[in-house]
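The structure appears right after this line, and notes come after that.
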Amino acid sequence: MIRSEEFQIINGNASILEGPTIRQDTRKREDHMEYRNIDWGKVWIEQMEQHLQSGKKEKTSIWEDKESAKRFWEMSLKDDQKRARETIKGLNITSQSHVLDIGAGPGTLAIPLSEKVKHITAVEPSKGMIEVLKENMSEYNRDNISIVKKRWEDIDIEKDLDGPYDVVIASFSLGMPDIRKAIEDMRAVASGYIYLYWFAGDTSWDMHSKEIWPLLHGRPYHSTPKCDIIYNLLYQMAIYPNMETFTLGRNDVYSSMDEVINDVANHFSLTTEEQRKILEEYMEKKLRKENGNYIYDSRSTRVKMWWNTQKK
-1 MIRSEEFQII NGNASILEGP TIRQDTRKRE DHMEYRNIDW GKVWIEQMEQ HLQSGKKEKT
59 SIWEDKESAK RFWEMSLKDD QKRARETIKG LNITSQSHVL DIGAGPGTLA IPLSEKVKHI
119 TAVEPSKGMI EVLKENMSEY NRDNISIVKK RWEDIDIEKD LDGPYDVVIA SFSLGMPDIR
179 KAIEDMRAVA SGYIYLYWFA GDTSWDMHSK EIWPLLHGRP YHSTPKCDII YNLLYQMAIY
239 PNMETFTLGR NDVYSSMDEV INDVANHFSL TTEEQRKILE EYMEKKLRKE NGNYIYDSRS
299 TRVKMWWNTQ KK
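Sequential numbering of the sequence shown, starting at -1, is according to the working numbering.
Next up, the structure:
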């Protein structure tokens, strides 16, 4: 309905004016069209490039050292066992399931999951993580896990994998430069469900990095792209996933500041003693102290997205 103030008579003919209501509706339609035309795969690529240009090391290089990978596993046993149990509980698996675990790490999911399924293919590029995973396979007597030492983006799905897989899972391992290609490859080897876990909003690591990065590296820190990009991309790919949001907290305990810095040095891309001193001063202010220990409290909001590839 056009209001009286939105048209005028010119030479006996009614002429519609572009009043506020019409202009607003036009802008909304234009904004909607622009939003639909966004290439979310490209947005991911650009944000990931910004993240790496901050000087942040790739995850694979962070975990090349076995000692760091071992500590990650030990922290997982202390803080993440409940999460692992809940994750496994939420998977559509049977004793005959073949599972693909992308970014398997030291076996945070693969080790407990291997008790419940037929076979797991663990894709993991980091040398340190693989060494710890192999130790865990031996310690827990697991012989139904095969390891592929590659980044997901370097996988040849015909030569490197033994699909199709009943379940494909990527749990906080979505640091691929091209997320569209990564998801397309997952779909190509999946015969059942795909489960993706990622972050919603900045993590504690992100917030601390944004504060300290300019002092360490002389430039701003850009965090990795988050789950909103993934959801919009999936929608563009005609994939409409189930979604579940949850909060996860950790309390990493260190006996000394040296232990703190040694553990986080790779995360903050330290290369000089001067950077180490700057980070020590920062951590002294940020970490909680209890019974002579330093406690790194972290908290983040996370998202689980999953769908059945056979459901049309």
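C-beta: ideal position from N, C-alpha, C; glycine also. Quick caveat: nothing in here was measured; it's all calculated off a predicted structure.
{"query": "Cβ of Leu214 within 7 Å of Cβ of Tyr163?", "result": "no"}
{"query": "Mind pulling the beta strand (DSSP E) runs of 3 or more residues that sit fully within the region 169 to 255?", "result": "188 to 197, 240 to 252"}
{"query": "If you check the beta carbons only, do Gly101 and Ser144 fall under 7 Å apart?", "result": "no"}
{"query": "Between Thr85 and the rest of its own chain, which residues show a CB-CB distance below 7 Å, the 5 nearest in sequence each way excluded?", "result": "Leu107, Ser169"}
{"query": "Exposed or buried, what is Leu75 when buried is set at 16 or more other beta-carbons lying within 10 Å of its beta-carbon?", "result": "exposed"}
{"query": "Output needed for Tyr195: all residues of its chain with C-beta closer than 6 Å, excluding positions within five of it in sequence on either side, in chain order.", "result": "Ser169, Phe170, Lys302"}
{"query": "Is DSSP giving Ile274 helix, strand or coil here?", "result": "Correcting the residue identity first, residue 274 is Arg in this sequence and not Ile. DSSP places Arg274 in helix when its eight states are reduced to three."}
{"query": "Closer than 6 Å by C-beta to His220: which residues in its own chain qualify, once you throw out the five before and the five after it? Chain order, please.", "result": "Gln48, His49, Ser52"}
{"query": "Excluding five sequence neighbours on each side, which residues of the same chain lie with their C-beta closer than 6 Å to the C-beta of Gln94?", "result": "Lys116"}
{"query": "When DSSP labels each residue in this structure, what does Asp164 get in the three-state scheme?", "result": "strand"}
{"query": "Which residues mark the beginning and the end of the beta strand (DSSP E) in which Arg83 is found?", "result": "No beta strand (DSSP E) contains Arg83, which is instead part of the alpha helix (DSSP H) from 79 to 87."}
{"query": "Is Val121 near Trp71, with beta carbons less than 7 Å apart?", "result": "no"}
{"query": "How many angstroms separate the CA atom of Met(-1) from the CA atom of Arg178?", "result": "Any reading at Met(-1) needs caution, since the residue's pLDDT is 44, under 50, leaving its predicted position unreliable; the model's value is listed next. C-alpha separation (whole angstroms): 43 Å."}
{"query": "Using the C-alpha atoms, what's the distance from Ile128 back to Tyr292?", "result": "29 Å"}
{"query": "For Lys309 and Asp256, what's the separation of their Cα atoms in angstroms?", "result": "52 Å"}
{"query": "Among the residues of its own chain, which have a CB less than 8 Å from the CB of Ile36, if the five just before and after it don't count?", "result": "Asn230"}
{"query": "Note down the Cα distance separating Arg149 from Pro123, rounded to an integer number of angstroms.", "result": "5 Å"}
{"query": "Going by the DSSP bridge assignment, what does Val121 pair with across the sheet?", "result": "Ile100, Val146"}
{"query": "Between the region 278 to 285 and the region 221 to 228, are three or more C-beta pairs nearer than 8 Å?", "result": "no"}
{"query": "According to DSSP, simplified to helix, strand and coil, what is Glu113?", "result": "coil"}
{"query": "Below 8 Å CB to CB, which residues in the same chain sit around Asp183 once its five sequence neighbours on both sides are set aside?", "result": "Trp150, Ile153, Ile155"}
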